[in-house]
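Let me begin by presenting the structure, written as structure tokens, before commenting on it.
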């Protein structure tokens, strides 16, 4: 049975809470001079990235090593995939070397779900196409909780290319389970109306000012040029209508925070002034990424 | 003289308004008589007590993959699956390799079928050369070689002017034009129906509008040209409405529905299961309701499977890489019973019509009835036998069915083609 982490949608609130609570313990560990633990000593995880990634791959690798596990990282360009091997065969080959988990990023939505049906090895989804990126939502939740103590009743604006964002989907599922009020905002062509039906507590707007008004959390998404198959909006107008600037922040709650999953495009979806402002918690998100991934790895591997 | 008497069955023959206990006598490959208490002395007797005896089922939309893709299906394996599903005739679409766009390929299919197929095979020819949507194919000589319709199934003719010319030309050869209605610009990159489920799963959507705009275009062209026009695998509620509208205007417009489009919605798909990936995609419940509504009201003329075999290795990939299509010959009748007859949406005779007289009329086939003198194609099935579909025992060479493991009530019992029993249930 494959008991990895494929997405946030199938998890219940208690499971998510347990991971977030455990991540808090690991935050404390990160402030100690010797951070390495041996909870997962002798275990092996494979980091298999079919898409470019710096922060997520490094974050998982550091998380695994801090728990004492051995981590092997593979990128698709140097792998047998470029020799025409099918995805199932690649994964079966790796699974035959008996790793304890495979951490995987892939450009196709559902790729890890498809593999989980055939492989005994737990798969941790590090981002699948435009579907989910569960550990990103977990680290975002941890970051909000660090500032506000609760998710319940918070007004969270998620702004950008929602249609193509796995970060947005995982955050929507997570925040909804915890009773946040979610306002999604972006160009109408990147904001399918059905988003309001996938989970409770979701509202849509095409106006960034409406989205930010009284927001407790402003979550900006990267403009994903690599997923744009066509011109869904006039590129020259994006920053004017959907870029976050200092003037917008006055509309939000006084203690609002600004988040971004990175990598940020200064001057495209977020102005430099906002990215570097006191309200920005972008680097806290990165820091929490390691703690949350330690909690996830411990939960999946520690039980075996 | 080969004589078979099918005794005591419930004979359902919609073309002749028969639904009652009768005997059916077959002699030398033709229907000799349909009457009570036919003397079976000297004849082979088939006891059909408790069973339904219907004209042979016609599937006007299948893919047999030969020539070119024999690893997925052959004329022989696909027509064996047809026989096992109760079908006595199938119409293979032209998207083979080479494409069936000339009489040589048509003759290859027809002659191979004579040799190896237990059922009748009536090919459908391409509308355009190589189904590229530009030059008209050799429609007249393909008709002489045996095609019963033209279609660029799967690669719809995007150029309205080419479609208009095809409709005009086909009219003179009395061939219906069948369109797989999909505006390829609107559907580009899509993997499943555009709606709540595609948004939830982060899969690119195929909007219902991509089907609707082509149905609308084609109906307008059918009116201009006076052609016989047929919508393949109708799946959206607007498309059903438009076909009903065209019929009300007296146009020669017909359509077919597949079992999966009246049995499943997009929400029935287990996450990212490629055995649920086909075109048109499984749509929302309002669309499925409209397709069933069209079957009830008469807007839908035929049930066709769009049997589309794909090798396991092709379907065992990332969802977005998997080819579209599922096999369906062996589950079609049971799904129609489950979703339409057992639920009292339509009477049994209407279901039989959708499998027989309905497609026969569209294609002008001299089949689909039990009228004395017609070809002795007979489908015998049962309404209540409980059975479970095991796709690993399918006669098809492929295994891409979403109905593996599904339990059914009722299904085919025996298939008779040209007076000979070609398949019977074990």
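Protein chains in written order, with our numbering: chain A, 1 to 304; chain B, 1001 to 1426. Note that beta-carbon positions come from the ideal geometry of N, C-alpha and C, so glycine has one too.
Handout entry: Proximity test, Cβ basis, 7 angstroms: residue 113 (chain A) and chain B
Key = Taking Cβ atoms only, chain B reaches closer than 7 angstroms to residue 113 (chain A), which makes this a yes.
Exercise for the section: Could you tell me if residue 1420 (chain B) is buried or exposed, where buried requires 16 or more neighbouring beta carbons within 10 angstroms of its beta carbon? Expected result: Sixteen is the threshold: since fewer than 16 other Cβ atoms of the shown chains lie within 10 Å of the Cβ of residue 1420 (chain B), the residue is exposed.
Problem - residue 66 (chain A) versus residue 220 (chain A): straight-line alpha-carbon distance, rounded - result: 30 angstroms
Practice task
Can you grab the Cα-Cα spacing for the pair residue 264 (chain A) / residue 211 (chain A), in whole Å?
Solution key: Their backbone Cα atoms lie some 20 angstroms apart in a straight line.
Practice task
Might you give, ordered along the chain, the residues of its own chain that have their beta carbon closer than 8 angstroms to the beta carbon of residue 1219 (chain B), omitting 5 neighbours on each side?
Solution key: 1229, 1242, 1243, 1245, 1246, 1251, 1253
Practice task
Quick one: give me the first and last residue of the alpha helix (DSSP H) that residue 305 (chain A) is part of.
Solution key: Absent from the model: residue 305 (chain A). The displayed extent of chain A is 1 to 304, so no value can be given.
Exercise for the section: Pick out whichever of A:251, A:47, A:30, A:203 has its Cα sitting closest to the Cα of residue 121 (chain A). Expected result: The candidate whose alpha carbon is nearest that of residue 121 (chain A) is A:47.
Handout entry: Segment limits, beta strand (DSSP E) that includes residue 163 (chain A)
Key = It is not in any beta strand (DSSP E) - residue 163 (chain A) carries neither H nor E in the DSSP assignment.
Handout entry: Whole-number beta carbon distance between residue 159 (chain A) and residue 244 (chain A), since they are thought to touch under 8 angstroms
Key = 7 angstroms
Exercise for the section: For chain A, find out if any of its Cβ atoms is closer than 7 angstroms to the Cβ of residue 1195 (chain B); answer yes or no. Expected result: yes
Problem - Segment limits, beta strand (DSSP E) that includes residue 1230 (chain B) - result: Here the beta strand (DSSP E) through residue 1230 (chain B) covers 1229–1231.
Problem - Where residue 1137 (chain B) sits in the DSSP three-state scheme - result: coil
Practice task
May I have the straight-line CA-CA distance separating residue 189 (chain A) from residue 54 (chain A), to the nearest angstrom?
Solution key: 29 angstroms
Handout entry: Per-residue burial, residue 127 (chain A) [other beta carbons within 10 Å of its own, 16 or more giving buried]
Key = buried
Practice task
Check the Cβ-Cβ distances between residue 1202 (chain B) and every residue of chain A, and say whether any is below 7 angstroms.
Solution key: yes
Exercise for the section: Check the Cβ-Cβ distances between residue 109 (chain A) and every residue of chain B, and say whether any is below 7 angstroms. Expected result: yes
Problem - Sequence-distant residues of the same chain with beta carbon closer than 6 angstroms to residue 1014 (chain B), five excluded per side - result: Here the set comprises 1349, 1352, 1353, 1357.
Practice task
Answer yes or no: does any C-beta atom of chain B fall closer than 7 angstroms to that of residue 194 (chain A)?
Solution key: For residue 194 (chain A), at least one C-beta of chain B is nearer than 7 angstroms to its own C-beta.
Problem - residue 1299 (chain B) versus residue 1149 (chain B): straight-line alpha-carbon distance, rounded - result: Between residue 1299 (chain B) and residue 1149 (chain B), the alpha-carbon positions lie close to 20 angstroms from each other.
Problem - First and last residue of the uninterrupted beta strand (DSSP E) at residue 1059 (chain B) - result: 1057–1062
Problem - Beta-ladder partner(s) of residue 1007 (chain B), from DSSP - result: B:1047
Problem - Close beta carbons around residue 1169 (chain B), own chain, < 7 angstroms, minus the five adjacent residues each side - result: 1136, 1139
Problem - Cutoff 7 angstroms: residue 197 (chain A) Cβ touching any chain B Cβ - result: yes
Problem - For residue 1250 (chain B), the first and last residue of its enclosing beta strand (DSSP E) - result: Run containing residue 1250 (chain B): none; DSSP gives neither H nor E here.
Handout entry: Limits of the beta strand (DSSP E) - the one that residue 1412 (chain B) falls within
Key = 1407–1417
Exercise for the section: For the beta strand (DSSP E) holding residue 1027 (chain B), just list the boundary residues, first then last. Expected result: 1018–1027
Exercise for the section: Determine the direct distance from the alpha carbon of residue 21 (chain A) to that of residue 147 (chain A), and round the result to whole angstroms. Expected result: 14 angstroms
Problem - Reduced DSSP category for residue 1 (chain A) - H, G, I as helix; E, B as strand; rest coil - result: Summary for residue 1 (chain A): the model assigns pLDDT 45, below 50, so the residue's position carries little reliability, and this model does not support an answer.
Exercise for the section: Have a look at residue 1361 (chain B) and residue 1067 (chain B) and give me their C-alpha separation to the nearest angstrom. Expected result: 28 angstroms
Problem - Under the three-state DSSP convention, the category residue 262 (chain A) falls into - result: coil
Handout entry: Buried versus exposed, by CB contacts within 10 Å (16 or more), residue 1134 (chain B)
Key = exposed
Handout entry: For residue 91 (chain A) and residue 154 (chain A), the rounded distance between their alpha carbons
Key = 41 angstroms
Exercise for the section: Quick one: grab the DSSP three-state call for residue 304 (chain A). Expected result: Note that residue 304 (chain A) scores 47 on pLDDT, short of 50, meaning its location in the model is unreliable and no value can be drawn from it.
Exercise for the section: Mark residue 1187 (chain B) as exposed unless 16 or more other C-beta atoms lie within 10 angstroms of its C-beta, in which case mark it buried. Expected result: buried
Exercise for the section: Taking only the alpha-carbon atoms, compute the straight-line gap between residue 57 (chain A) and residue 73 (chain A) and give it to the nearest angstrom. Expected result: One alpha carbon belongs to residue 57 (chain A), the other to residue 73 (chain A), and they sit about 8 angstroms apart.
Exercise for the section: Indicate whether residue 1173 (chain B) and residue 1143 (chain B) have their beta-carbon atoms separated by less than 7 angstroms. Expected result: yes
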